[in-house]
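Engineer:
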Amino acid sequence: MTLVRISKLLSNQGVCSRREADHFIELGFVYVDGIKVTELGAKANPEQKIELRGEGHRLQKSKKTILLNKPIGFVSHADDEGKYKSSLSLILKENFFGDERLDKLFFKLAPAGRLDIDSTGLLVLTEDGVIAKKIIQEDSEIEKEYLVRVNGNLIPNGLELLNHGLSLDNKPLKKAIVSWINEDQLKFILKEGKKRQIRRMCEMVGLKVIGLKRVRIGKVKLSNLPIGKWRFLQENEFF
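Everything in the sequence shown is counted per the UniProt record's numbering, starting at 1 for the first residue and increasing by one.
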């Protein structure tokens, strides 16, 4: 059987990201069949027992994931910071929505996906590379649900095209689920997140987006989280 890098095996098991696995190997927290591994790039048989032990396991379990109801005017991604207000700047004690006691806020958070500056709704910020990968990897099957207010005149067969048949950046889009909620609002369910995808899709069928709100990522819903507020992902919540 072909040997595989231990960091990749840990990532495939959903224990941590490959980069995190390399870090844990260097620190001596990774064991293969009960034997400590400290050599970066070391490989193992996928059938062997690979474990993250001790402090490494504790550190991984302690990683935080935060749900934010992002307001208009804030950017989600680090690449856009400096020029605009960052969503990370909202992760303050006064914006916390929950019952947990907050003593300190020392989070190394990164956004798991984008949400445009002129859009609102659910944004995931996480320290956990496994969660980030699950949401944003190219072949992710996690649904993202949006409520989209529009105006304009939908072209004939426009709704069918929104569901399947459009291309962006010379690549066909995955099948979507798009339906009317009322005369000026659509519901989009997507399994991808190209930059300004919904707005561009709507323009291609004669519609202009005048309001966009993300209300769900996978099984996690925005629910009653007030705009501009944040809370922790709970232990019983899974994407």
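Every residue, glycine too, gets a C-beta built ideally from N, C-alpha and C.
This structure is a prediction, so every number in the text was calculated from the model and none was measured.
1. So, using beta-carbon positions, are Ser-119 and Lys-213 closer together than 9 Å?
2. Leaving aside the five residues before and after Thr-65 along the sequence, list all residues of the same chain whose C-beta is less than 6 Å from its C-beta, in chain order.
3. Taking the DSSP output, what are the residues bridged to Val-209?
4. Per DSSP, what kind of secondary structure is Leu-90 in: helix, strand or coil?
5. Looking at Cys-202: is its Cβ nearer than 9 Å to the Cβ of Leu-162?
6. Please identify the residue among Asp-184, Lys-144 and Ile-155 whose C-alpha is closest to the C-alpha of Lys-175.
7. Tell me which same chain residues have a C-beta within less than 7 Å of the C-beta of Gly-28, skipping the five on either side of it?
8. Quick one: what's got a C-beta closer than 7 Å to Leu-225's C-beta in the same chain, skipping five residues either side?
9. Measure how close the beta-carbons of Ser-87 and Leu-122 come, nearest whole angstrom, since I'm counting them as under 8 Å.
10. Which one or two residues does DSSP pair with Thr-38 in a beta bridge?
11. On the criterion of 16 or more Cβ atoms from any shown chain inside 10 Å, does Pro-172 qualify as buried, or is it exposed?
12. Would you list, in sequence order, the uninterrupted beta strand (DSSP E) runs of no fewer than 3 residues that lie entirely inside the UniProt domain "RNA-binding S4" (4 to 71)?
13. Whose C-beta lies closer than 7 Å to the C-beta of Gly-218 among residues of the same chain, with five residues either side of it excluded?
Structural biologist: Looking at the coordinates:
1. In this structure, Lys-213 lies closer than 9 Å to Ser-119 by Cβ.
2. The residues are Thr-126, Asp-128, Ile-131 and Leu-233.
3. Bridge partners of Val-209: Val-150.
4. Leu-90 falls in the helix class under three-state DSSP.
5. Yes. Within cutoff.
6. By alpha-carbon distance to Lys-175, the top candidate from Asp-184, Lys-144 and Ile-155 is Lys-144.
7. So the list reads Lys-36 and Thr-38, once near-sequence residues are dropped.
8. In its chain, beyond the 5 residues on either side, Leu-67, Asn-69, Phe-97 and Arg-231 have a beta carbon closer than 7 Å to the beta carbon of Leu-225.
9. Between Leu-122 and Ser-87 the Cβ distance is about 11 Å, and since that is not below 8 Å, they are no contact.
10. Note: Thr-38 sits in no beta bridge, so no partner.
11. It counts as exposed.
12. Fully contained in the UniProt domain "RNA-binding S4" (4 to 71) are the following beta strand (DSSP E) runs of length 3 or more, in chain order: 30 to 32, 35 to 37, 50 to 52 and 65 to 70.
13. Closer than 7 Å at Cβ, skipping near neighbours: Ile-142, Glu-143 and Phe-239.
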